[in-house]
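Input: a single structure, listed below in structure tokens.
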């Protein structure tokens, strides 16, 4: 079983608040990812990282920002939460192996902005 | 633009049945394909990864096939059990991670499976 953790699991917060979603992995993977998933919809990549001090925006435009100061930690921040940010946020990590680049996912954070 | 479609969107079967989930993708230039399982309110669990050069992968009661030229993959579940109830997601990778160092996954919307006792 993959060792990737996300906190909080559920968060209900008011509009305008700053929030940080935490993601940590203990597998030493270089690559980490943030996906956004609305109910019944596909996962969309919003941020990824090749390694420490490397971050890139994904396919889906997002007002969130990320940082990668340590290999194991990849937090996502929303400076001013809005109801449109209500969604599930999934963190993943991977390491290239001979069989491909298998991604391991955390349990997700379900965010509700009121 | 790569698009991934999964059919059916939902499936309900009695325990013990063998079943097939379908995944199709529009661009056959993929590096690999992954099948995931997602339980309600949870993250994704990787089930099987098939490289583009492979035809199938097996793990226990699961067998995934890949026909890259026709843009199709199937996930076969043998002797289904109530514990198999979940949403099954198919995702294709667009780049070779050994060349670019990064793999972008494009996901389908999933098939919701319910196996009743």
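Residue numbers (our numbering), protein chains in the order written: chain S, 1001 to 1114; chain E, 35 to 151. Note that beta-carbon positions come from the ideal geometry of N, C-alpha and C, so glycine has one too.
Residue-level contact by beta carbon fails for residue 105(E) and chain S, as no gap is shorter than 9 angstroms. Secondary structure at residue 1039(S): coil, using DSSP grouped into helix, strand and coil. Contact with chain S is found for residue 83(E), since one of that chain's Cβ atoms lies less than 9 angstroms from the residue's Cβ.
Sequence-distant partners of residue 1077(S) (beyond 5 residues in either direction) whose C-beta falls short of 6 angstroms from its own C-beta, in its chain, are 1020 and 1065.
At the C-beta level, residue 1103(S) and residue 1033(S) come within 9 angstroms of one another.
At a cut-off of 9 angstroms between beta-carbon atoms, residue 126(E) makes no contact with chain S. If you check the CB distance, residue 1025(S) and residue 1056(S) do not come in under 9 angstroms. Around the beta carbon of residue 1101(S), a 10 Å sphere encloses 16 or more other beta carbons of the protein chains shown; the residue is thus reported as buried.
Residue 105(E) carries a coil assignment under DSSP once its states are collapsed to helix, strand and coil.
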